[in-house]
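Chains as they are written, first to last, in the numbering used here: chain A, 1 to 114; chain B, 115 to 229.
We put the CB at the ideal spot given by N, CA and C, even for glycine.
None of these values were measured; they are calculated from a predicted model.
Worksheet: one structure, shown below.
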Amino acid sequence: GENVEQHPSTLSVQEGDSAVIKCTYSDSASNYFPWYKQELGKRPQLIIDIRSNVGEKKDQRIAVTLNKTAKHFSLHITETQPEDSAVYFCAASSMNTGFQKLVFGTGTRLLVSP
Amino acid sequence: EAQVTQNPRYLITVTGKKLTVTCSQNMNHEYMSWYRQDPGLGLRQIYYSMNVEVTDKGDVPEGYKVSRKEKRNFPLILESPSPNQTSLYFCASSLNGGLSQETQYFGPGTRLLVL
Chain A
1 GENVEQHPST
11 LSVQEGDSAV
21 IKCTYSDSAS
31 NYFPWYKQEL
41 GKRPQLIIDI
51 RSNVGEKKDQ
61 RIAVTLNKTA
71 KHFSLHITET
81 QPEDSAVYFC
91 AASSMNTGFQ
101 KLVFGTGTRL
111 LVSP
Chain B
115 EAQVTQNPRY
125 LITVTGKKLT
135 VTCSQNMNHE
145 YMSWYRQDPG
155 LGLRQIYYSM
165 NVEVTDKGDV
175 PEGYKVSRKE
185 KRNFPLILES
195 PSPNQTSLYF
205 CASSLNGGLS
215 QETQYFGPGT
225 RLLVL
């Protein structure tokens, strides 16, 4: 089955810096890669996603890149702000099982210091 | 308001005492799923349901049961809870899980402590 690895597990940056979180996946049939943000005590919420027919997607300060050949995808946050502090999860959805099975990475705790 | 709800939000129980965590969605979603979240392990799928009366095991189903008698509800049942089931549980749903490229919407979570 699918296996998703996520790095780093913790990331500390200064406000205004950029942050990059990287994930690798094992199943070449995976074709959907969402990123979730989980604030302390809250539920995971989708912040951006990318499908396998696209190499990059951007939404204001966040962007995701996908390299299907290498089977890795990354989340980029520019001009970080304290409110970006949260745990971020990547996930990969495999298609060959006939239904949506999201396999999550282990999470990255991002701390943005003022 | 479109949402996924869970009850209870917090629960402390003792080993062996059966409990049920309810999950309900009002978006007419076909696909529903349960996850547990543990430090350093991320979110792991327990069970999922493609539609009414269609359920299947996820990655960590041991010690859990589910049912899907109605489209909107997907309760998680712990017949005989054990301390290793202490965790944060999330229910999630999506419109049609078979499309394989859909956003999953999460409930608020249920924090369970088994003594």
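Going by beta carbons, Pro34/A and Pro82/A fall outside the 8 Å limit.
The DSSP-derived three-state label of Asn67/A is strand.
Bridge partners of Ile50/A according to DSSP: Phe33/A. Its chain contains Val4, Glu5, Gln6, Cys23, Phe89, Cys90, Ala91 as the residues whose beta carbon lies nearer than 8 Å to that of Gly105/A, once the 5 sequence neighbours on both sides are disregarded; these appear in chain order. DSSP places Ala91/A inside the beta strand (DSSP E), whose first and last residues are 86-94. When the five nearest sequence neighbours on each side are left out, the beta carbons in the same chain lying within less than 8 Å of the beta carbon of Pro122/B are those of Val135, Thr224, in order along the chain. Spatial neighbours of His76/A in its own chain (CB-CB distance under 6 Å, excluding positions within 5 residues in sequence) are listed in chain order as Val20, Ala63. The region 146-163 of chain B and the region 49-61 of chain A do not touch, with fewer than 3 CB-CB distances between them shorter than 8 Å. The three-state secondary structure of Asn142/B, taken from DSSP, is coil. CA-CA distance, Lys179/B to Phe220/B, rounds to 19 Å. Taking C-beta separations shorter than 7 Å and ignoring five residues to either side along the sequence, the partners of Ser196/B in its chain run Thr129, Gly177, Val228, following chain order.
Close CB contacts of Leu125/B within its chain, under the 8 Å cut and outside five residues either way in sequence, are with Leu133, Val135, Thr224, Arg225, Leu226, Leu227 (chain order).
Restricting attention to Ser18/A, Thr69/A, Leu46/A, Val87/A, the CA atom closest to the CA of Val54/A is found in Thr69/A. Any Cβ of chain A closer than 8 Å to the Cβ of Thr200/B would place that residue at the interface, and such an atom is absent. The beta carbon of Val174/B sits closer than 8 Å to the beta carbons of Arg150, Arg158, Gln159, Ile160 from its chain, once the five residues preceding and following it are set aside; these are given in chain order.
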